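When we follow the numbering used here, the leftmost residue of the first sequence carries the number 46, and every step to the right adds one. All residues carry an ideal CB built from backbone N, CA and C; glycine is no exception. Model, not experiment: these values are computed from the prediction.
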Amino acid sequence: MSDNIRMEPLDEEFFQKPTLELAHALLGCLLIKETEEGTTSGFIVETEAYMGPHDRAAHSFGNRRTKRTEIMFGKAGLVYTYVMHTHCLVNVVSAGIDEPEAVLIRAIEPYTGLDLMQHRRPVDQLKNLTNGPGKLTKAMGITMKDYGRAFFESPLYIASGFKPEEIAQGPRIGIAGSGEARDYPWRFWVKGNKFVSR
DNA sequence: TGTAGGATGCCCT
DNA sequence: GGGCATCCTACAC
């Protein structure tokens, strides 16, 4: 991990790359959320790509365009949050206008604001604080209010972090009912990082 | 207007 | 490994 971390948003252009490439590139980046309670941040260590109209596991499968998925049709770098059961999950919109693809942030390694994160989400072991998509949003205070924001602007943004030594790739999680799409190796993680969800 | 079903997490066997 | 909390969305009537 680099010791000269800059907590400044990446350029909008960073997000303008093919979705699978973006899912790769986001690993090691720093995710930052500023709230009235304080600022928390963590390095992205696990992502999943959702490839739009032809990906049965994607919300935008078949070009489904609803109030919920609308933001996926927007430009790369926008924030797509949605509620799953009792949790809020956060995605980075990718690809071009009218190409509803996205990258789900599945896990982060806590960096700053540890106290605030543990206050929001008390856990017995640190590794359980942010090792899942619903966990990290709660710890960082990411909610539906962030829907439609941009990851290249405060208060919820992504900065450069460290360059992962080795990246692993495999099938996505929690999409068993998505036919053949469940086997696509579109999940990426920092190999050996203990905050990866599984 | 009703209802089925999750890109989850947690607690129990 | 399985059940359930809990709630919004999508879609069927």
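Inset, instruction - Check whether the Cβ atoms of Val138 and Ile150 lie closer than 8 Å to each other. - result: Counting from 1 along the first sequence, the entry for residue 138 is found at position 93. Counting from 1 along the first sequence, the entry for residue 150 is found at position 105. No. Outside cutoff.
Inset, instruction - Excluding the 5 residues preceding and the 5 following Ile142 in the sequence, name in chain order all residues of the same chain whose CB lies nearer than 8 Å to its CB. - result: Within the first sequence, residue 142 is the residue found at index 97, counting from 1. Closer than 8 Å at Cβ, skipping near neighbours: Phe118, Gly119 and Lys120.
Legend entry - Closest residue to Gly122 among Phe60, Arg217, Glu210 and Leu201 (Cα-Cα distance): Start at 1 with the first residue of the first sequence, and residue 122 comes out as number 77. With distances taken between Cα atoms, Gly122 lies closest to Phe60.
Legend entry - Neighbourhood of Ser223 by C-beta distance below 7 Å, restricted to the same chain and skipping five residues each side: For this step, residue 223 is matched to residue 178 along the first sequence. Closer than 7 Å at Cβ, skipping near neighbours: Arg101 and Ala102.
Inset, instruction - Check each candidate in Phe106, Leu161, Lys62 and Cys74 and name the one with the smallest Cα separation from Tyr202. - result: For this step, residue 202 is matched to residue 157 along the first sequence. Here the closest residue by C-alpha is Cys74.
Inset, instruction - Could you spell out the range, first to last residue, of the alpha helix (DSSP H) harbouring Lys183? - result: The residue given as residue 183 occupies position 138 in the first sequence. First-last of the alpha helix (DSSP H) with Lys183: Pro178 to Met185.
Inset, instruction - Could you spell out where the beta strand (DSSP E) holding Met129 opens and where it closes? - result: Position 84 of the first sequence holds residue 129. Met129 -> beta strand (DSSP E) spans Val124 to Met129.
Inset, instruction - With DSSP as the reference, label Asn136 as helix, strand or coil. - result: Numbered from 1 along the first sequence, position 91 holds the residue referred to as residue 136. Strand at Asn136.
Legend entry - Of the residues Asp169, Thr182, Ala213 and Glu210, the one placed nearest Thr131, counting alpha carbons only: Mapped onto the first sequence, residue 131 falls at position 86. Looking at the Cα atoms, Thr182 is the closest of the given residues.
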